[in-house]
Amino acid sequence: MELFDAICLRHSYRGPMEPTPVPREDLERIVGAGIRAPSGKNAQTTQFIIIDDQEVLSVLQGLHPANKAMQQAPAMIACIIDTQPDKIYEGYDFQLEDCAAATENMLLAITALGYASVWIDGWLRVEGRAETVASLLHLPAGKKVQILLPVGRPKEQWDQKERRPFSTRVSYNRYPQPQEPL
Numbered sequence: 001m002e003l004f005d006a007i008c009l010r011h012s013y014r015g016p017m018e019p020t021p022v023p024r025e026d027l028e029r030i031v032g033a034g035i036r037a038p039s040g041k042n043a044q045t046t047q048f049i050i051i052d053d054q055e056v057l058s059v060l061q062g063l064h065p066a067n068k069a070m071q072q073a074p075a076m077i078a079c080i081i082d083t084q085p086d087k088i089y090e091g092y093d094f095q096l097e098d099c100a101a102a103t104e105n106m107l108l109a110i111t112a113l114g115y116a117s118v119w120i121d122g123w124l125r126v127e128g129r130a131e132t133v134a135s136l137l138h139l140p141a142g143k144k145v146q147i148l149l150p151v152g153r154p155k156e157q158w159d160q161k162e163r164r165p166f167s168t169r170v171s172y173n174r175y176p177q178p179q180e181p182l
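Oh and the sequence shown: position 140 is 140 in full-length UniProt numbering, straight run, nothing missing.
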């Protein structure tokens, strides 16, 4: 699939998934796309766990009853970052940016390979869910699950939601002033 087609087709899929396993070769290609994402000062801070063990998946699938994709995904990818990251540039770290860039690359790869996913982040932040998942994945102290990506073949076809028009989100050379169009 051509890159701009994958960008236009990529969407957050929370629907039911086919039970067909995702081949490890495809999961490795997807995570390989994440590894190739840009990283602040090339620190390459994001780590990944490919989850395809049915016992582990079973526990994860039971944690999010409102999300069919997560309940039925035959594979998941966990994006792992440090809880106390090194400051690598002028007192700043770029772990969240690195993780987000890796996640977007993986979402595009997922789409290009004909799979579907949804970026699960906010759900992890409440009710100790990230800690529960970290324990299940045997993360050492100092590491945390930032994002989960359920991966599978969608049972339904969804379109990407409409985006606001280009002209309402983009200006040239400066931010528009009041009463000035973008």
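Glycine is no exception: its CB is placed at the ideal position from the N, C-alpha and C atoms.
Between the segment 67-78 and the segment 147-161, the count of Cβ pairs shorter than 8 Å is three or higher; the stretches touch. By the C-beta criterion, the segment 36-55 is judged not to be in contact with the segment 111-126, since fewer than 3 inter-stretch pairs fall below 8 Å. Between the C-alpha atoms of VAL59 and ILE49 there is a straight-line separation of about 15 Å. PRO65 and ARG174 have their C-alpha atoms roughly 45 Å apart.
A distance below 8 Å between beta-carbons, with the five flanking residues on each side excluded, links CYS99 to the following residues of its chain, in chain order: THR45, THR46, CYS79, ILE81, GLN146 and ILE147. Nearest to ASP52 by alpha-carbon distance, out of ARG169, GLN157 and THR20, is THR20.
Within the same chain, no Cβ atom closer than 6 Å to the Cβ of GLY62 is found once the five residues on either side in sequence are excluded. Scanning the segment 9-92 for uninterrupted beta strand (DSSP E) segments of 3 residues or longer gives 47-51 and 75-82, listed from N- to C-terminal end. By alpha-carbon distance to GLU162, the top candidate from TYR172, LEU9, MET106 and ALA33 is LEU9. Secondary structure note for GLN146: it is in no alpha helix (DSSP H), and the uninterrupted beta strand (DSSP E) holding it is 143-151. Here DSSP, grouped into helix, strand and coil, assigns SER117 to strand.
Each residue's CA atom was taken as its position, placing LEU3 and ASN105 some 11 Å apart.
THR168 and PRO178 have their alpha carbons spaced roughly 14 Å apart.
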